[in-house]
Amino acid sequence: MSIQSNLENIKSTLPENVTLVAVSKTKPVSDLMQAYKGGQRIFGENKIQEMTEKWEQMPKDIQWHMIGHVQTNKVKFMAPFVSLIHGVDSLKLLQEINKQAQKNNRVIDCLLQMHIAEEETKFGLDEKELNDILDFVQNNKDELQNIRVVGLMGMATFTDNQEQIKKEFTHLKTIFDKFQTLNTKNGKLTTLSMGMSGDYKVAIDCGSNMIRVGSSIFGGR
Ligand SMILES: *Cc1c(COP(=O)(O)O)cnc(C)c1O
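In the numbering used here, the protein residues as written are 2 to 222.
And the structure:
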């Protein structure tokens with residue numbers, strides 16, 4: 002199967018409100034260009050340097066999403082062009098993104114990453130931490146003018162147990178719904194980024210409106 006036909010097949014099954022992020026990490030620009038020729042304009046990368054190199058080489062109407070963990074000291078490299086940062090999991094990082102966005106005269110959209118999986122990982126917020134960050138965003142509109150928190154992101158446990166995955170996605174959707182009350186210039190949750198190649202159908206059933214799909218488009222890594 003070609004990249005273009007993989008892309009077509011996936012797109013033909015997606016509800017209209019679901020945005021497809023083509024996760025192109027580790028893949029060469031020639032592969033990304035196949036997807037571009039198939040109409041894809043949103044690409045997701047998990048390393049800032051790799052994303053920057055691809056951005057330099059590729060057409061400028063592409064929206065670049067950072068889906069990986071972000072180190073504070075590297076934000077400056079993507080601040081000139083990144084369109085959405087999925088993995089924001091601390092206030093410190095959000096403040097650095099704001100600072101670098103300001104330097105570039107931009108407003109950068111961010112998703113807060115939630116920890117929903119059973120697995121122990123270092124990344125992602127719990128509900129209390131989310132609440133604290135959203136409170137801060139809301140109460141410091143003047144400081145945080147160059148970011149917008151536009152939604153949440155989460156990853157389910159890596160398992161074949163569909164019920165487990167469903168439970169975790171449903172949990173994230175419940176949190177997403179609960180914080181719909183937030184409505185400021187720099188914070189309003191409209192995007193729910195959940196679902197990858199193996200679980201995006203379940204994620205959509207659970208309320209996802211942004212999926213991050215790599216291997217089903219570009220093949221294994
Ligand atoms: C790699 C990655 C994906 C895509 O994974 P596939 O299984 O290849 O679809 C999605 N989200 C994140 C955060 C990733 O790192």
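Beta carbons are placed, not taken as given, at the ideal position from N, Cα and C, and that holds for glycine.
Positions of the alpha helix (DSSP H) runs, each at least 4 residues long and wholly inside the stretch 128-185, are given as 128-140, 163-179 in order along the chain.
Ligand 1 approaches Met156 closely enough that one of its heavy atoms is under 7 Å from the residue's Cβ. Looking at the DSSP output, Arg213 sits in a beta bridge with Val22. Judged by pairs of C-beta atoms under 8 Å, the stretch 207-214 touches the stretch 185-194, as three or more such pairs exist.
Between the alpha carbons of Thr175 and Gln72 lies a gap of roughly 29 Å. Of the other Cβ atoms in all chains shown, 16 or more fall within 10 Å of the Cβ of Met156; this residue is therefore buried.
By the neighbour-count criterion, in which a residue is buried when 16 or more other Cβ atoms sit within 10 angstroms of its Cβ, Asn187 is buried. In this structure the stretch 64-71 touches the stretch 87-103; the number of beta carbon pairs closer than 8 Å is three or more. In this structure, the C-beta of Val89 stays at least 7 Å away from each heavy atom of ligand 1. Annotation for Pro81: Asn105 place their beta carbon closer than 7 Å to its own, counting only its chain and skipping 5 residues before and after. Taking 8 Å as the cut-off, the Cβ atoms of Val24 and Ile205 do not count as close. Between the C-alpha atoms of Arg149 and Asn140 there is a straight-line separation of about 13 Å. Look at Val71 here: in three-state DSSP terms it is coil, with no helix or strand label. Within the same chain, no Cβ atom closer than 6 Å to the Cβ of Lys129 is found once the five residues on either side in sequence are excluded.
Beta-carbon to beta-carbon, Val30 and Met59 are separated by about 6 Å, close enough to satisfy the 8 Å threshold.
Look at Lys12: its beta carbon is at least 7 Å from all of the heavy atoms in ligand 1. Secondary structure of Asp32 (DSSP, three-state): helix. Membership of Val203 in the alpha helix (DSSP H) is indicated by the continuous run 201-206. When C-beta atoms of the stretch 104-118 are compared with those of the stretch 161-175, three or more pairs fall below 8 Å, so the two segments count as touching. Look at Asn47: its beta carbon is less than 7 Å from one of the heavy atoms in ligand 1.
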